[in-house]
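Everything on this sheet refers to the single structure shown next.
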Amino acid sequence: MIAIGERNPAGARLLADVGGTHVRLGWQGANGAAIEHVQTLACDAHRDLGECLQRYLQTLDAAGAARPIQAALGVASAVLDDQIRLTNRDWGFSVQALHRQLELQRLVVLNDFTALALAIPALPEPDFWHVGGPATGAPGPLAVIGPGTGLGVSGLVPQADRQWVALQTEGGHVSLAPQNDREAALLANLRQRFGRVSAERVLSGPGLANLLKAIAEVDGRPLTTVPSPAQVLGQALAGELQSAEALALFCAFLGDVAGDLVLSLGARGGVYIGGGIVPRLGAARFRRSDFRQRFEAKGRLAGYMHEVPSYVIASQEPPALLGASRAL
């Protein structure tokens, strides 16, 4: 996380969740106030992040909202130094230059899934679907993972006084492993295309399309055109066989990777699934998938995994905006 300026609970705030496809934005009158003026803007409609944020500020001016003097941006990228470049969008910016451009007193930039993780302790219970395991987990860390345009990964580590530290990770780029011959053939196909098959190559919107393309080629019926991720998902939900297999594999691989994350973090408190794809499946369909079976299928640690709950974050408002606010 990079922060410029001193903390100040007063004053209006600009909040943003910057992904590879959309930028979700909100305004907050002060620390702890309701998040208002929530908008989702398409990245394709803007030259860069600065232009996108300036357009949103113009809508705030038109609505008579106080001009933000602070901002917190969750971005789909590693946040290591002043120069930020998004992983799945040809956007880059300087934190210092953006601070000056927006005339802010304070600017915080953090990974988008770090922001999402920070929101979890503050979200109400109805914002979660319970999708396996006990109703509540043991005391300890929480794991956070979510496929969207990319694959975000974070975690929460408990501290004293019911506080939490959110982790910044690039766990979406861990290697993916097959669990049977069919998956081995599909990943071999993807390896020929990408050289290395990271989890994000499968567990993302583009990854769902990658899976469909691999299925068609392995089965000897290559596609003349590859549908968009939204089209693949729509076809799968409508029962088209190859797309349905791609979605089934997607859920299974997500179980593998989420389970590995729990083992790596010792996240006995549970795993929380965010991102834009899984909530679109609906709780009942996702529970019927192989996600939970693969999540628990960790050999000698199967009993350990059986006691770890899994949840889907299904908030109606972008939860990373709340997490960004908490980072300020």
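Using the UniProt record's numbering, you'd call the opening residue of the sequence shown number 1 and step up by one each time. Cβ coordinates follow ideal geometry from the N, Cα and C atoms, glycine included.
The region 129-137 makes no contact with the region 216-226, as fewer than three CB pairs between them are under 8 Å. For ASN180, no beta strand (DSSP E) segment is defined, and its DSSP state is neither H nor E. Taking a cut-off of 8 Å on C-beta distances, the region 249-257 does not touch the region 90-105, as fewer than three cross pairs fall below it. One Cα belongs to GLN163, the other to THR87, and the distance between them is close to 30 Å.
Residue environment for LEU208: buried (at least 16 other C-beta atoms within 10 angstroms of its C-beta).
In this structure, ARG55 and THR40 do not form a Cβ contact; the two beta carbons are roughly 13 Å apart against a cut-off of 8 Å.
DSSP lists PHE128 as the beta-bridge partner residues of ILE313. Sequence-distant Cβ neighbours of SER289 in its own chain, meaning closer than 6 Å and more than five residues away, are CYS251. Measuring C-alpha to C-alpha distances from ILE313 to each of ILE120, ALA65, LEU49, PHE291 identifies ILE120 as the nearest. Under the three-state reduction of DSSP output, ASN210 falls in the helix class. Where VAL197 is concerned, there is no enclosing beta strand (DSSP E), because DSSP gives it neither an H nor an E. Collapsing the DSSP output to three states places PRO147 in a strand.
For LEU98, there is no enclosing beta strand (DSSP E); the enclosing alpha helix (DSSP H) covers residues 95-101.
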